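The structure appears below as structure tokens.
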Amino acid sequence: MISIDELFNTFNTGNGFWNPVLWLIAFVIIFLIIYIIRGFGNNSYKKGTGQTQVFLSGNPESDFESMHVKSSNLYWGWTESMKWIIDALKSIHTGNVSDYVLWFVIVMGVLFLFVGLI
Amino acid sequence: MIANIPYIAAAALIIIGLYTIIFRKNLIKMLIGITIIESGVNLFLITLGYRKGGIAPIFTGAPAESTMMFPVPQALTLTSIVIGVAVLALMLSFIVHMYRHTKSLDVRKFGGDDQ
Amino acid sequence: MNFIDLIMSHAPALLVVIPLLGAFLTPLISKINDKIRNIFVISILGITAVFVLLVAQQVLDTGTITYVFGSSLQTQNNTVIRILFEIDALSIFMALVSIILAFVASIYSWGFLENETGQDKYYTLLLLMTAGMLGMVLTGDLFNFFVFIEITSIASAALIAFWTNRVKAVEAGFKYIFISTIGALFILFALALLYGQYDALNIAQLADRITFTYLDKIALIIFISALAMKGGIVPMHMWVPDAYGRAPASASLVLVAATQASLYGVFRVLFTLYGNVIHLPNISFGWILVILGLITMLVGVIMAMIQTDFKRLIAYGAVAELGYIFLGVGTGLTIIANPDIGISSAPFAVEAMKGSIFHIINDALDVGLLFMIAGAVYYATKETSLNSLGGLARNMKYTTIFFIIGLLAISGIPPMNGFASKLLIYESTYQLNPIISIIAILSSIMLLAVFVKIFQSVFLGPKLKKFDDVKEVPKSMLIAMGIVASIIIFFGLFPDLIVSNLVEPAVNALIHPENYLQGLTGGL
């Protein structure tokens, strides 16, 4: 069967290498160091004082439920700037089965051209 | 030339079927398009099985000195026809359900989730 | 002892026979009791999985297995007239992917479909589909391949339309069967072209005789485009979001495996069937795969970015993942098919193919896990739109943890399994052309963004009032997700083990078609 040594072999990727176990050990060590540094911190958090309020000026908070960012509002900047390509892609995705078959025929035709049969 | 007619017919059937599927908007007509393609492919298979001077491979009825054909293409065609019937029945039952829900057979009425 | 030997000698046939027999016994057994039926289906798939592992060990130890149905290999006028299975390392690798997903799906369905009617039909179709997929990847005969494609697509179309009271589901099933039938008919046409010229249907024998005539080129193009359409490669991917998005989550899971089986068809045709002549054309077919792969990645990821339906979004993500598989194999083929370069001077070709073949199983597991989570969210809240979900991490702790694992894995973040295979693909495609690997990394980053979007809008955020009484999903669903998540972590932590034991033999089977031919000529 598979020996224990074989489990921890470094994974060669041609020009590079990747050893997840070493990576995980390094990750844990770094986490520990961060945790130790965190221990030096000054605990000055006081519950129930003005320190914990969302707005220091004392403005009323709005309802929690309405503060959730809905998924269609995420990445609106990216969507806005890529509008030209998204609109083009949307107009291709008609949801019509005839078009699906048409694309199959087009791909077949392009491949025929590519190979030089036509 | 005359021997090529079945091949031309098979190619023509496939192209007619594709045309029907792409340019007709009625689901039932598109289904007929699929069966036309299927007939074209089956015709092509059957044509491949024919050899000049060969006779049907029925062992008991064959004359002694004749050459029987190798019946693989015929067997393939039979299998393909059986599969075709199953697929056709399934697609028709889908169309029945779609018609019951929407009272429409227009292919453009279905889909468009991305727009 | 004798009995075990007998069973083992027929193991390749049993791989297909057991699920097929189980499929037709399921309606009878479900007359007794629902629970007994579920246990029966899970155990049937479990037994099949055991046989897959046994055959896998045999294949990896001794090389290609040829199993002839009926009797010993018989030839007439030098033509093989028997139906036969030819199992090499790639086939058994794909069989492993299929059976893992089918087995997990059967466990998952227990909880997921608890209160649905028509479960006996569902399980029958699930087993039928598994039989079809296993047949597709194990067969050594082109016509058999066509028959198994049709079995798979009929069963999966019926599974997609499982919720017949929803018109969208029926419509998606109709689209799937329509597309697959056309694809399968064209495959039948292409194999008739080959049969007419070479008088054989056996893949090994055809590969031996093929000379790359004009008709062969037509057949090759039809094979590639039809199988790529069944595999969901852009621009023929439009059925994928419909089908994956509308099917029950447990069926989407198995559909992922069916898609991979179609991609297996592309690779088998290119590398084995045309393996002896693939270097003949002036323009390498590898570039076709590379270009298709790049378009697939970009279009899939951009369309995923703007979706608002949970499962539809994952479906587009799955399309993008398929691009990586095509990209790596295309890179390999470009080098192998080019006699001026050759593998010896460009070893990255083999690395690229290792990356893609490894990515097949990674992609199946990652996407499968995400589909199961989408199903779990649907089961708990009856919502599919991302806009009306939020704050579920408070109610569904385990599901959230599994989602984080799936998110990291699919976008290739270390130490999950997706990273290892993507690293192989990036490094090797960089040497073919740096721009290719830049696009690959870019779309991987966008995939991360897409799934972070789901994470933010479904699991994070304040607790919504309407989801106050949402509970964690039943145990069977958690177990199914847990199995896949632990396989993902295992593959991620020990990639070398998987690559050197499973993936490397599969790649060798692809780039050395002569081994596949020898499996047959031993009997000729």
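Each protein sequence line maps, in turn, to chains W, C and Y. Taken in order, the first sequence gives residues 1 to 118; the numbers are from this note's numbering. Taken in order, the second sequence gives residues 119 to 233; the numbers are from this note's numbering. Taken in order, the third sequence gives residues 234 to 757; the numbers are from this note's numbering. Ideal Cβ placement from N, Cα and C applies to all residues, glycine included. From a predicted model like this one, the values you see are computed outputs, not experimental measurements.
Exposure of residue i, with buried meaning 16 or more beta-carbon neighbours within 10 Å
i, result
"residue 45(W)", "exposed"
"residue 351(Y)", "exposed"
"residue 505(Y)", "buried"
"residue 521(Y)", "buried"
"residue 479(Y)", "buried"
"residue 13(W)", "buried"
"residue 447(Y)", "exposed"
"residue 53(W)", "exposed"
"residue 107(W)", "buried"
"residue 655(Y)", "buried"
Rounded straight-line distance, which links the Cα of residue j to that of residue i
i, j, result
"residue 217(C)", "residue 279(Y)", "40 Å"
"residue 740(Y)", "residue 687(Y)", "35 Å"
"residue 151(C)", "residue 691(Y)", "44 Å"
"residue 160(C)", "residue 193(C)", "11 Å"
"residue 10(W)", "residue 331(Y)", "28 Å"
"residue 7(W)", "residue 269(Y)", "39 Å"
"residue 635(Y)", "residue 624(Y)", "16 Å"
"residue 657(Y)", "residue 587(Y)", "7 Å"
"residue 362(Y)", "residue 281(Y)", "13 Å"
"residue 713(Y)", "residue 705(Y)", "14 Å"
"residue 172(C)", "residue 429(Y)", "16 Å"
"residue 462(Y)", "residue 653(Y)", "28 Å"
"residue 303(Y)", "residue 727(Y)", "42 Å"
"residue 702(Y)", "residue 613(Y)", "9 Å"
"residue 276(Y)", "residue 336(Y)", "9 Å"
"residue 514(Y)", "residue 111(W)", "13 Å"
"residue 19(W)", "residue 439(Y)", "43 Å"
"residue 176(C)", "residue 190(C)", "13 Å"
"residue 109(W)", "residue 496(Y)", "20 Å"
Whether residue i touches residue j by CB criterion (8 Å)
i, j, result
"residue 565(Y)", "residue 585(Y)", "yes"
"residue 321(Y)", "residue 749(Y)", "yes"
"residue 253(Y)", "residue 364(Y)", "yes"
"residue 378(Y)", "residue 372(Y)", "yes"
"residue 464(Y)", "residue 499(Y)", "yes"
"residue 180(Y)", "residue 247(Y)", "Beyond the ends of chain Y as shown, which are 234 and 757, falls residue 180(Y); an answer cannot be given."
"residue 405(Y)", "residue 459(Y)", "no"
Below-8 Å beta-carbon distance, residue i vs any chain Y residue
i, result
"residue 205(C)", "yes"
"residue 15(W)", "yes"
"residue 162(C)", "yes"
"residue 155(C)", "yes"
"residue 146(C)", "no"
"residue 201(C)", "yes"
"residue 65(W)", "yes"
"residue 220(C)", "yes"
"residue 52(W)", "no"
"residue 113(W)", "no"
"residue 21(W)", "yes"
Beta-carbon proximity list for residue i, same chain, < 6 Å, skipping 5 on both sides
i, result
"residue 527(Y)", "672"
"residue 525(Y)", "466 and 559"
"residue 568(Y)", "574, 579 and 582"
"residue 21(W)", "8"
"residue 532(Y)", "467"
"residue 681(Y)", "644"
Chain C contact for residue i (CB, 8 Å cutoff)
i, result
"residue 102(W)", "yes"
"residue 349(Y)", "no"
"residue 773(Y)", "Outside the displayed span of chain Y (234 to 757) sits residue 773(Y), for which this structure offers no information."
"residue 96(W)", "yes"
"residue 105(W)", "yes"
"residue 364(Y)", "no"
"residue 68(W)", "no"
Chain-order list of residues whose beta-carbon lies under 7 Å from that of residue i (same chain, five-residue window excluded)
i, result
"residue 718(Y)", "602, 635 and 638"
"residue 169(C)", "187"
Cut-off 8 Å between Cβ atoms - residues of its own chain near residue i, not counting five sequence neighbours on either side
i, result
"residue 130(C)", "158"
"residue 618(Y)", "541, 542 and 543"
Interface flag, residue i vs chain W, CB-CB below 8 Å
i, result
"residue 136(C)", "yes"
"residue 725(Y)", "yes"
"residue 496(Y)", "no"
"residue 620(Y)", "yes"
"residue 158(C)", "no"
Proximity test, Cβ basis, 8 Å: residue i and chain A
i, result
"residue 60(W)", "Here the protein chains are W, C and Y, and chain A is not one of them."
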